[in-house]
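Residue numbers (the working numbering): 2 to 336.
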Amino acid sequence: MEDYKECVICRNDWSMNIEEQGVLNNAILFKCPICHAFRTTDEFLMWFPREKFEADIWKIQGALREIRRKKKKMITLFYGESPVKGVNDYTIDELIESVEIPETPTAKIEKFLQTYEDSIGGTLLSVSTIQDYPEAYAANLEEFLWILETANELGFFSHFSKKSQGPSQEGQKSSHRVEFQLSAKAWGHLASLKQKNIDSKKIFVACWFNDTHDTYRKVIEDSISNVGYDPMSIKERHYPETIISKALGEIQQSRLVIVDLTEQRHTVFVEWGFALGKNIPCLLVVSKEYWDGAHSSGDEQTEKLEFYAKNYSIKIYKNEEHLKEIVESAVREIL
C-alpha cells in the first residue's frame, strides 16, 4: 500500500493518523481531525477526481461528520460501484445527496445548533475553529468563527468566549478555541424545528418506480389517504431541483416515511438513510415474492436483506390487500 501522509479529502497533514491496521476488507482507514474517521477503497484513492469536487470539499467534510455522528458507524467511500454495497458505503455524489446541505448562513447556524440538540442543558461546550468547522458546513475556519459569533449575537448562546490558539504549525492560519452554552432561545428554536414535522400531515413514499410495481405504490398512497394523511412521492413530477434534492426536501417535512425495499433500489436507501438521520419514523415493507426470490438466489442481495431483517422490523406483504392492511394499521399505530 502506498504510504499516505495526508487526508485524501481535505489534504490536511496535521495530526493525521493513517494506520496500517486500517487496511481492512480492502479499505484504508483515515483519521483526520477535520473530516473525522472514514474508510476508502484502493480504487477511490486511485481514481477520486478531487479537482472535480474542489468547490464541494466543505460539503463532503460536513456530510462525513454528520453521518458519522448520527449513524455512529464507519463510512466507506467508493469510486464506481461496489459489488456488495451496504447502508454505510457511499460514492462522493451519494454522500452529498444523503444529507441536507445548508446553503445559507441561517441554515448553517441551524445545522450547527442541531449538532448539539442531544446535549444536556447547561453543558459548557467547546469547539476549535480549525478542526470543527465542518460541524456547521463552513467552508473554512473564518466562516465558522463568523457563524459562531453571529449565533451569539442572535441570542442562541447564554455563554460565549473565544481564545486565540495561534497557528498549530508553520504556515497554518490562527485558530480559536470557542466555549459556549446553548441558551433557552436556542433550545426553543430547536424544538420549533422538530415541531414542523409533528404538525405535518405528509407521509413520504420511497419505492421502486417501475410499471410492474406501480400498483403497489398506488396501494400505499391510497392507504395513506384512507387514514387521513397526505401521501407524497415524486414519480412523474417535474421540479426545478434535482429529483433527489426534491425528495430529501419533502422527507424533511414529512411525519413518516414508508420505505418499500422491493428490488432494493439505491435511491430508496438514500431516502431511508436521510429519514433515519432526521429521526423521522420509517415503516419498512417488501413484497413476499421478491423476498422469497432474493433468499433463494444466494447472492449479495440476499446478504443485504438478511442484514436489514436482523437490524430492522420489515413487514412482508403478500398482495395488494395485505399491503393495504399493513400500511393503514401501521400508520395509525405509529402516528
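The beta-carbon is built from N, C-alpha and C at its ideal position, and this holds for glycine as well. Remember, predicted model here, so these are calculated numbers, not experimental data.
Item, Value
"GLN62 and ILE10: beta carbons closer than 8 Å?", "yes"
"When the Cα of ILE204 is compared with those of HIS177, ASN89, VAL258, which residue comes out closest?", "VAL258"
"Below 8 Å between beta carbons: does that hold for ARG40 and THR92?", "no"
"Return the CA-CA distance between GLU1 and VAL228, expressed in angstroms with no decimal places.", "There is simply no residue 1 to check, as the chain begins at 2 and stops at 336 in what is shown."
"For VAL286 and ILE315, which I take to be in contact (beta-carbon distance under 8 Å), what is that distance rounded to the nearest angstrom?", "7 Å"
"On a CA-only basis, which of GLY122, ARG178, ILE121, GLY123 is nearest LEU149? Give me that one, please.", "ARG178"
"Kindly list the residues whose CB is nearer than 8 Å to the CB of TYR240, restricted to its own chain and excluding five residues on each side of it in sequence; keep chain order.", "Residue confidence for TYR240 is low, a pLDDT of 42 falling below 50, so the modelled location carries little weight and cannot support an answer."
"Would you call PHE308 buried or exposed, if buried means 16 or more other Cβ atoms sit within 10 Å of its Cβ?", "exposed"
"Span of the alpha helix (DSSP H) holding GLN182?", "Unbroken run through GLN182 is the beta strand (DSSP E), 176-183; no alpha helix (DSSP H)."
"Can you name the start and end residues of the alpha helix (DSSP H) that MET233 belongs to?", "Here MET233 belongs to no alpha helix (DSSP H); instead the beta strand (DSSP E) covers 231-233."
"Which term fits THR263, buried or exposed, when burial requires 16 or more other beta carbons within 10 angstroms of its beta carbon?", "buried"
"With a threshold of 8 Å on Cβ separation, who are the neighbours of GLU114 within its own chain once the five nearest residues in sequence on each side are excluded?", "The question names Glu, but residue 114 in the sequence shown is Leu. Taken in chain order, the residues that qualify are ALA152, PHE157, LEU183, ALA187, HIS190, LEU191."
"Who are the near neighbours of PHE145 in its chain, counting only those whose CB is closer than 6 Å to its CB and skipping five residues on each side?", "THR130, TYR134, ALA137, ALA139"
"Go through its chain and collect everything with a Cβ distance to GLU98's Cβ below 8 Å, but skip five positions before and after it.", "ILE245, SER246, LEU249, VAL271"
"If we require 3 or more residues per run, which beta strand (DSSP E) segments fall completely within the segment 254-332?", "257-261, 283-288, 315-318"
"Ordered along the chain, which non-local residues of its own chain (more than five positions away) have a Cβ less than 6 Å from that of ALA67?", "The sequence shown places Glu at residue 67, not Ala. Excluding sequence neighbours, GLU67 sits near VAL100."
"Express the C-alpha separation of LYS112 and ALA185 in angstroms, rounding to a whole number.", "17 Å"
"Can you have a look at LYS195 and say buried or exposed, based on whether 16 or more other CB atoms are within 10 angstroms of its CB?", "exposed"
"Going by DSSP, what residue range makes up the alpha helix (DSSP H) through ALA152?", "142-154"
"Whole angstroms are fine: how far does the CA of GLU143 sit from the CA of GLY274?", "31 Å"
"Reducing DSSP to helix, strand and coil, say where LEU336 ends up.", "coil"
"Alpha carbons only, please: which of SER159, ALA295, ASP94, ILE29 is nearest the one belonging to LYS53?", "ASP94"
"What is the rounded straight-line gap between the Cα of LEU336 and the Cα of SER175?", "50 Å"
"Within the continuous beta strand (DSSP E) that includes SER201, where are the two ends?", "Neither: SER201 is in no beta strand (DSSP E) and is coded neither H nor E."
"Around the C-beta of LYS109, are 16 or more other C-beta atoms found within 10 angstroms, so that it is buried, or is it exposed?", "buried"
"With DSSP collapsed to three states, give me the class of HIS160.", "strand"
"Of the residues PHE161, THR105, ASP90, which one's Cα is nearest the Cα of THR124?", "PHE161"
"What is the rounded straight-line gap between the Cα of ASP293 and the Cα of LYS219?", "23 Å"
"First and last residue of the beta strand (DSSP E) that includes VAL100?", "It is not in any beta strand (DSSP E) - VAL100 carries neither H nor E in the DSSP assignment."
"Around the C-beta of PRO50, are 16 or more other C-beta atoms found within 10 angstroms, so that it is buried, or is it exposed?", "exposed"
"Whole angstroms are fine: how far does the CA of GLU7 sit from the CA of GLU55?", "16 Å"
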